[in-house]
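Read through the structure below, which is laid out as structure tokens, and then see the notes.
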Ligand SMILES: [Zn+2]
């Protein structure tokens with residue numbers, strides 16, 4: 012398929028999407044066993060049962076995709092600069108940052124290193140079926156430029172923003188003024204380009220001064236189109252240090268609230284250790300949590316409490332949190348979310364897990380009008396899953412129901428089951444190595 016000019020194309024296959032949280036909307040599951048997806052210039056213009064719909068499009072070029080087609084996955088929290096330090100041994104959060112991560116991020120002072128890593132990172136997302144992500148770069152403004160340039164090349168819907176961390180270690184600290192002026196400049200430079208969006212990104216409460224947290228709030232107030240992206244209540248030692256530094260705050264979330272950082276465009280990673288008050292405040296403000304189960308397990312942080320979040324109506328999505336996360340696969344992450352939830356006797360439904368990895372993440376990132384559901388009017392970012400990617404998966408799914416197949420993909424699946432990834436209706440990753 013060529014770029015440019017009007018193109019209309021049909022994809023025939025088994026279609027599955029979950030546009031709303033089936034926990035509240037059980038009828039949100041949309042499934043066509045023999046479906047047709049019609050894509051014009053990257054946008055879904057029709058979707059339905061093949062036999063019913065095909066007649067409306069005489070002469071349509073139709074590609075048959077054998078496998079299960081689902082919306083592209085959305086990673087609601089991931090660090091591109093940490094990719095090369097995934098699987099670093101031995102510490103919990105604060106020591107892991109000091110020993111492994113801060114040295115790795117210092118290397119991004121070199122723009123060429125940032126460019127190379129950004130490119131490899133986005134290719135890795137595509138290989139795992141991830142088409143959109145909310146991404147931590149580093150403190151360096153050009154780490155955002157590198158990521159956005161690479162995302163623009165691939166036409167991917169990516170959100171990011173330079174890290175604010177004026178209390179970070181030497182060589183990795185900005186200042187109140189430079190943090191503000193560089194963020195402002197990045198927002199102006201990238202606004203409206205491609206499918207990109209900006210997120211004001213203080214690393215977490217402990218790495219910014221009060222004055223810088225105030226600046227983050229001012230940036231949000233100045234730019235109502237941007238998101239807020241940070242970490243919240245991941246690790247007990249971290250929570251204790253935050254309570255020490257901010258004795259007047261009611262809890263960790265309240266620290267951010269006092270600086271104007273809690274609103275419906277705020278995305279907080281983790282939220283493993285939250286008070287009921289904080290959950291109620293999250294729900295009331297419309298802010299949400301990127302749940303990162305593989306990271307929480309890897310760093311010994313704990314298990315996210317889905318029951319508590321649901322009781323308060325907190326919005327959630329899924330994040331891999333690589334490099335603390337152990338896989339770029341949202342399928343694998345969904346499987347671990349199931350195990351985290353089950354540790355509290357709360358079995359996560361596989362359709363709900365798919366929702367969290369697609370439309371749920373899109374809603375959290377304020378892009379659910381564009382992606383996440385494969386609905387007419389949305390952008391045609393989707394993934395072709397191979398339920399027989401391994402001999403074991405093939406046996407487990409051969410005569411299984413749709414729910415059992417989906418669950419098996421989440422428990423046994425990873426990048427191996429991603430047969431193809433499509434961006435705006437164009438094949439951007441093909442396991443066979445022939446992406447157009
Ligand atoms: Zn993180």
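Numbering (the numbering used here), first residue to last: 12 to 447.
By construction, the Cβ of each residue, glycine as well, lies at the ideal position given by its N, Cα and C atoms.
Since the model is a prediction, treat every value here as computed from it, not as a measurement.
Item checked: Rounded C-alpha distance that separates residue 198 from residue 353 -> 41 Å
Note to self: At the level of alpha carbons, what is the spacing between residue 264 and residue 218?
What the structure shows: 15 Å
Notebook entry, point to check: Helix, strand or coil: which one does DSSP assign to residue 114?
Noted result: helix
Item checked: residue 277 to residue 216 span [Cα, whole Å] -> 14 Å
Next item on the list: Could you tell me the distance, in whole angstroms, from the CA atom of residue 416 to the CA atom of residue 74?
Entry: 24 Å
Next item on the list: Could you tell me how far apart the beta carbons of residue 391 and residue 383 are, in whole angstroms, since I believe they sit closer than 8 Å?
Entry: Not a contact, Cβ separation roughly 12 Å.
Next item on the list: For residue 72, count neighbouring C-beta atoms within 10 Å of its own C-beta (all shown protein chains included) and say buried if the count is 16 or more, exposed if not.
Entry: exposed
Margin query: I'd like the ranges of any alpha helix (DSSP H) spanning at least 4 consecutive residues and lying wholly in the stretch 337 to 419.
Written below: 341 to 353, 361 to 368, 370 to 375, 402 to 408
Item checked: Under 8 Å between C-beta atoms of residue 170 and residue 155 -> no
Checklist line | As assigned by DSSP and simplified to three states, the class of residue 223 | finding: helix
Margin query: At a cut-off of 7 Å, would you count residue 242 as near ligand 1, judging by its Cβ distance to the nearest heavy atom?
Written below: yes
Check: Who are the Cβ neighbours of residue 389 in its own chain at under 8 Å, not counting the five residues just before and after it?
Finding: 54, 55, 380, 381, 382, 383
Item checked: Coil, strand or helix - residue 194 by DSSP -> helix
Next item on the list: Confirm the yes/no value for this check: CB of residue 147, any heavy atom of ligand 1, distance under 7 Å.
Entry: yes
Check: What's the gap between the Cα of residue 68 and the Cα of residue 83?
Finding: 25 Å
Note to self: Judging by CA-CA distance, which residue of 243, 79, 159 is the nearest neighbour of residue 205?
What the structure shows: 159
Notebook entry, point to check: CA-CA distance, residue 386 and residue 244?
Noted result: 35 Å
Check: Under three-state DSSP, which class holds residue 427?
Finding: helix
Margin query: I'd like to confirm something about residue 92: is its beta-carbon nearer than 7 Å to some heavy atom of ligand 1, or not?
Written below: no
Next item on the list: Give the straight-line distance between the Cα atoms of residue 14 and residue 317, rounded to the nearest whole angstrom.
Entry: In this prediction, residue 14 has a pLDDT of 41, which is less than 50 and means its spatial position is unreliable; what the coordinates show is noted afterwards. Approximately 43 Å between the Cα atoms of the pair.
Next item on the list: Can you tell me which of the three DSSP states residue 27 falls into?
Entry: strand
Checklist line | Given 8 Å, three or more beta-carbon pairs between the stretch 268 to 288 and the stretch 125 to 135 | finding: no
Next item on the list: Evaluate residue 12 with the Cβ neighbour count: other Cβ atoms within 10 Å of its Cβ, from every protein chain shown; 16 or more gives buried, anything less gives exposed.
Entry: Reliability fails at residue 12, whose pLDDT of 42 lies under 50, so the model's placement of it is uncertain and no value is given.
Check: Who does residue 327 pair with in a DSSP beta bridge?
Finding: 300
Item checked: Heavy atom of ligand 1 within 7 Å of residue 88 beta-carbon -> yes
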